[in-house]
Each structure stands twice: as C-alpha cells, then as structure tokens.
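Quick notes on the structure that follows.
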Amino acid sequence: MVRPGAPGSPSLSLAPDELRAPPRPQHTEADVIFMQHMIVHHRQALVMSALVPERAERQDLHALADRIERSQAVEIAFMERWLELRNEPFSAVEDEGHDSHHGHHHHHGADGHGEEERPMAGMLTEAELRALASARGPEFDQLFLQFMIMHHEGALTMGEELLASPGAALDSDMFDLASHVYSDQKMEIDRMRNMLERDN
C-alpha cells in the first residue's frame, strides 16, 4: 500500500506481508464487512480500468487507469491478508445477493428504463458496465470518468459508515488502510473532476 507523501517528499510503502497477526481480538464485525466489501468494490474498479487500453482516447486517462490498477491491486492483497490473519473469510454472504450492509440502491438503468439494484455504494450495475464496455473514444472517456467518480464516492461512503460504527477501526492496520483509501480516492475524485471540466 502506497501512501502519498507531501509535495517533494517520498511516498511511504506498506506491503501486505508486513501485517502482523493481532495478539488478541481487536476488530469488529463492521471492520470485517468493510474489508470484505471493499475487496469487491476494488475488484470492480480493476474491471473498469482494464477497459481503458483499447477504448480510451486521452492519454491522461490511460495514466489514471494504470495508477488505479496498481494501487487497488496492492490494497486488495493487503485486505485479504488482514482477513486471513484474523481467520475471517474474504467474502460475505451479503455480497452474493441480498441485505448488503451498505444497502442496495435502486436507480434507472443505462437506457433510462426500469430499475436495477446497485450492489453497494458506488458500484456499477451490469447495465452500466455494458454501456461502458460498448463505448469508444471521447464517449468512453467521459463515461469512465463519470462512473469512476461515482465509484470512488461510494468508497468514501463506505469509509464514513465504518468510522461511524461504534468500536470500529481501532485496529491500527485497519485504521491505516481505511484512512489511506479515503484520502487516496478523495484525491482521485478531485483529479477526475478536473479532467471532466477540461472537456467542457
């Protein structure tokens, strides 16, 4: 996991294998659910970013997608290691269907008709993923930025829900990861909004 340093300062790195098994139970159910759901959330960001090389036109979007792929793959490994050390499963039953801790969100599909459940905060539906995969050039660039901003905002919501949960994020590794995800994705949201403004 790479933590951006101040301007002119080097970034700090934390590898998944640097995690230590906790000496005693220090995590809550909210911590586990956050990790399990954020793994799913990050994996979708990797799916979205993998579409960029063959579809995007603007070079700064290629650079953004590459950064997302590298950082979120490392974070997934970090989160899986965190769960492994605490003898927790990598996925939750809720991820497969119903009653997600973060709730399902109804919205109109990509064609403007019908309702489709959003798996968790910020996650794209199958219809939205198909729309993104079908786009090319400037249309893809704009759609990718709009969808990834929404996706990142969902991660911020998940982090806020975690910190609002009593007793959550007291584990130091957990707090560091959640803080990093929040600050990193907030920074990328600002960057992507600036990219969209340059198109207008």
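Numbers 1 to 200, taken from the working numbering, label the letters of the sequence shown in order.
Think of the CB as a built atom: it goes at the ideal place given N, C-alpha and C, for glycine as much as any other residue.
Inter-residue spacing [alpha-carbon to alpha-carbon] between residue i and residue j
i	j	result
Gln-146	Arg-193	8 Å
Leu-85	Asp-199	46 Å
Ile-39	Met-79	7 Å
Leu-46	Met-148	11 Å
Ala-133	Ala-50	10 Å
Gln-185	Glu-153	8 Å
His-151	Ala-63	18 Å
Glu-160	Glu-139	32 Å
Asp-95	Leu-177	Any reading at Asp-95 must be qualified, since the residue scores a pLDDT of 43, below 50, and its modelled position is unreliable; the value itself is stated next. Taking the straight line from one Cα to the other gives about 21 Å.
Ile-68	Ala-169	24 Å
Ala-164	Asp-171	15 Å
Ala-131	Met-48	11 Å
His-101	His-37	Residue placement at His-101 is poorly supported in this model, since its pLDDT is 41, which falls under 50; the coordinates are not used for a value here.
Gly-167	Ala-56	43 Å
Leu-129	Ala-65	16 Å
Ile-189	Pro-89	30 Å
Met-123	His-41	7 Å
Simplified DSSP assignment, three categories, for residue i
i	result
Gln-87	Strictly speaking, residue 87 in this sequence is Asn, with Gln absent from that position. Three-state result, Asn-87: coil.
Ser-165	coil
Gly-122	coil
Arg-130	helix
Asp-141	helix
Gln-155	Per the sequence shown, the amino acid found at residue 155 is Ala instead of Gln. If DSSP states are grouped into helix, strand and coil, Ala-155 belongs with the helices.
Asp-171	coil
Arg-193	helix
Arg-198	helix
Nearest neighbour of residue i, chosen from the options [CA to CA]
i	options	result
Arg-220	Leu-143, Leu-124, Ile-33	Only positions 1 to 200 of the chain appear in this structure, which leaves residue 220 out of reach.
Ser-179	Pro-53, Thr-157, Pro-89, Arg-118	Thr-157
Gln-72	Glu-29, Gln-44, Asn-87	Gln-44
Glu-29	Asn-87, Leu-19, Ile-76	Asn-87
9 Å Cβ cutoff, residue i in contact with chain D
i	result
Thr-28	Given the protein chain composition of this structure (a single chain), no chain D is represented.
**Prompt:** In chain order, which continuous runs of the alpha helix (DSSP H) of length 4 or greater are located wholly inside the region 14–82?
**Reply:** 29–50, 52–55
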